[in-house]
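Quick notes on the structure that follows.
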Amino acid sequence: MNDLELLGVGKTYRDGTIAVANFDLQVKPGEFVAFLGPSGCGKSTTLRMIAGFEDITHGRILIKGKDVSRTPPEARPTSMIFQNYALFPHMSVRENVAFGLDIKRMDRRQRDNKVDRILDMFGLSAYADRKANNLSGGQRQRIALARGLVVEPQILLLDEPLGALDANLRRIIQNELKLLQRELGITFVFVTHAQSEALGLSDRVVVMSNGVVEQISTPRDLYNRPSTAFVAQFIGSNAIFAGSGFKAGLGSDGSIETPLGRITGTLGAAIGDGQGVLAVIPAEAIQIEAETAASNDNSGNPRLSGEIAARQIVGSIGHFRINLSSGAQIAIEAHVNRPGIAALEKGNRVAISLPEEKVTLVPAAR
Ligand code: ADP
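Those letters in the sequence shown? Residues 38 to 403, by the working numbering.
What follows is the structure, given as structure tokens:
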């Protein structure tokens, strides 16, 4: 049975703002799901609806198969961690962590046992009697997690929980969070606008824009097989070629006419006749080599010719901007260990190819 299910969930605020439209999602027990999208796309609203802090306008929310759409937050088996942690500054660490258990009127011995255990687990025992506002950002983050987990929720909801931390601490806590989630096997639903965080931590990512779910996929598929134009532009670093005249292929592939020639690829979503189409390929999947006479043999997608407009090596990755003969400019990334890459310089003529199996075709518009 799914731990969490959203069935056509939507939210229209009183002022008429449609924050979320028709959100469908199934989350399996122990899954780590991230909501990713630009600010204002409806991530937090959705999380608050799951927690019960926000009424839903339409649809239903099920937790472990039970309809909780009208259940108050304290009666749902969820805990929420906020970006600013929402700790009580003048209460001790122990009191902060015990708070959720006190609300549940748990008897004192049982409560103290649970609090001790979780403080120990988060390395907070030595600070148990300190006031929460006398601790560092990383420690406060751990208190918030301990407070959320001590009540043993079915689902932990995290709203940009790492947003207040500096980059280093963020990385450390990201790792801890992932280990913790594996160890406890609790379902995590995590809101972030940081792509690396969503792709690095979660089993599946829900990409949202403007209140609409764009795609729900594993990080890998999101990267390699976008299903919408928005995802192609938002995730990773893709070269995108607009075209038309879509022709379906034999299996799940098809081809389109572009100013660069006919491009074949795998369908990321259903494409209708006469629809505008984008051919999308990750910058690092594009093949680049110094142009030679042999470069002209034409098999599969067209080989394009161009000139290196800019080149920068960052670590072991070469970043190139190429002016194509067609006038378009594209960005390409290539590992410097690939043959010939390190020798490529600004001004060199290059041949570029788009391996068919790496190209995805998506509708240009909804
Ligand atoms: P995100 O978490 O992705 O940044 P939010 O869920 O906070 O997005 O907001 C989604 C949309 O709903 C935005 O347009 C935001 O301005 C609007 N919104 C959020 N909270 C309220 C509210 N209480 N009243 C009216 N509009 C709101």
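Virtual Cβ for every residue (Gly too), placed ideally from N, Cα, C.
Nothing here was measured: the structure is a model prediction, and the numbers come from that model.
What residue ranges within the region 59–112 form continuous alpha helix (DSSP H) runs of no fewer than 4 residues, ordered along the chain? Entirely contained in the region 59–112, the alpha helix (DSSP H) runs reaching 4 residues are, in chain order, 80–88.
Heavy atom of the ligand MN less than 7 Å from the Cβ of Ala-112, yes or no? Although the ligand MN was asked about, the structure shown includes only the ligand ADP as ligands.
Identify the continuous beta strand (DSSP E) that holds Gln-312 and give its terminal residues. Where Gln-312 is concerned, there is no enclosing beta strand (DSSP E), because DSSP gives it neither an H nor an E.
Using 8 Å for Cβ pairs, my map puts Val-70 next to Arg-241. What's the rounded Cβ distance? Confirmed, Cβ separation roughly 5 Å.
What is the DSSP secondary structure of Leu-361, counted as helix, strand or coil? Strand, per DSSP.
Residues sharing a beta bridge with Met-117, DSSP: Per DSSP, the beta-bridge partners of Met-117 are Leu-194.
Is it the case that the Cβ atoms of Gly-302 and Val-396 are separated by a distance below 8 Å? Yes. Within cutoff.
Asp-52 CB to nearest heavy atom of the ligand ADP below 7 Å: Asp-52: yes, Cβ under 7 Å from the ligand ADP.
I need the straight-line Cα distance from Tyr-50 to Arg-386, nearest angstrom please. Going by the C-alpha atoms only, they are around 55 Å apart.
Beta carbon of Phe-278 nearer than 8 Å to that of Ala-316: The Cβ atoms of Phe-278 and Ala-316 sit closer than 8 Å to each other.
Shortest alpha-carbon distance to Gln-178 belongs to which of Lys-151, Arg-208, Gln-191, Ile-192? Nearest option by C-alpha distance: Arg-208.
Hey, out of Leu-202, Ala-183, Leu-297, whose CA is closest to Leu-138's CA? Of the residues Leu-202, Ala-183, Leu-297, the one whose Cα lies closest to the Cα of Leu-138 is Ala-183.
Quick one: what does DSSP say Leu-125 is sitting in, helix, strand or coil? Per the sequence shown, the amino acid found at residue 125 is Phe instead of Leu. In the structure shown, Phe-125 sits in coil (DSSP, three-state: anything other than H, G, I, E or B).
Alpha helix (DSSP H) segments (min. 4 residues) lying fully within the region 242–273: List check, alpha helix (DSSP H) in window: 256–261, 266–271.
Should Val-249 be counted as a contact of the ligand ADP given a C-beta to heavy atom distance under 7 Å? Not so, every heavy atom of the ligand ADP lies at least 7 Å from the Cβ.
Leaving out five residues on either side along the sequence, give the residues of the same chain with a beta carbon under 6 Å from the beta carbon of Gly-200. Short of 6 Å from the beta carbon of Gly-200, and not among the five residues preceding or following it, lie these beta carbons of its own chain, in chain order: Gln-120.
Between the CA atoms of Ile-118 and Ser-81 - distance to the nearest angstrom: C-alpha separation (whole angstroms): 12 Å.
So who's on the other strand from Ile-354, going by DSSP bridges? DSSP output for Ile-354 lists Val-351, His-372 as bridge partner(s).
Relative to the C-alpha of Glu-68, which candidate in Ile-140, Leu-62, Gly-222 has its C-alpha closest? Nearest option by C-alpha distance: Gly-222.
Bridge partners - Ile-293, DSSP secondary structure assignment: Under DSSP, Ile-293 forms a beta bridge with Ile-300.
Let me know the secondary structure DSSP gives Phe-278 once reduced to three states. It is a strand residue.
Just the C-alpha distance for Thr-255 and Lys-141, rounded to the nearest angstrom, thanks. One C-alpha to the other measures close to 37 Å.
In terms of alpha-carbon separation, which member of Ala-347, Gly-160, Thr-108, Ser-233 lies closest to Gly-273? With respect to the C-alpha of Gly-273, the residue from Ala-347, Gly-160, Thr-108, Ser-233 having the closest C-alpha is Ser-233.
From Pro-319 to Gln-270, what distance separates their C-alpha atoms? If you take the alpha carbons of Pro-319 and Gln-270, they lie about 10 Å apart.
Identified DSSP bridge partners for Phe-227: Answer is Ala-71, Leu-195.
Coarse secondary structure for Gly-343, derived from DSSP in three states: In the displayed model, Gly-343 falls within a strand according to three-state DSSP.
Would you say the beta carbon of Ser-76 is closer than 7 Å to some non-hydrogen atom of the ligand ADP? The closest heavy atom of the ligand ADP lies less than 7 Å from the beta carbon of Ser-76.
List the DSSP bridge partners of Ser-390. DSSP lists Gln-324 as the beta-bridge partner residues of Ser-390.
For Phe-159, which of helix, strand or coil comes out of DSSP? In this structure, Phe-159 counts as coil in the three-state DSSP scheme.
Using only CA atoms, which one of Gly-286, Lys-168, Lys-101 lies nearest to Lys-65? Among Gly-286, Lys-168, Lys-101, the Cα nearest to that of Lys-65 is on Lys-101.
Taking 7 Å as the cut-off, does the CB of Ala-235 come closer than this to any heavy atom belonging to the ligand ADP? The answer is no for Ala-235.
For Val-134, does the three-state DSSP call read helix, strand or coil? In the structure shown, Val-134 sits in a helix (DSSP, three-state: H, G or I).
Does the separation of the CB atoms of Ser-390 and Gln-324 fall below 8 Å? Against a cut-off of 8 Å, the Cβ pair of Gln-324 and Ser-390 comes out as a contact.
Between which two residues does the alpha helix (DSSP H) containing Leu-216 stretch? Run containing Leu-216: 204–221, per the alpha helix (DSSP H) assignment.
Beta-carbon separation (whole angstroms), Thr-224 vs Asp-40, contact threshold 8 Å: Contact between Thr-224 and Asp-40 holds, since their C-beta atoms are separated by about 4 Å, short of 8 Å.
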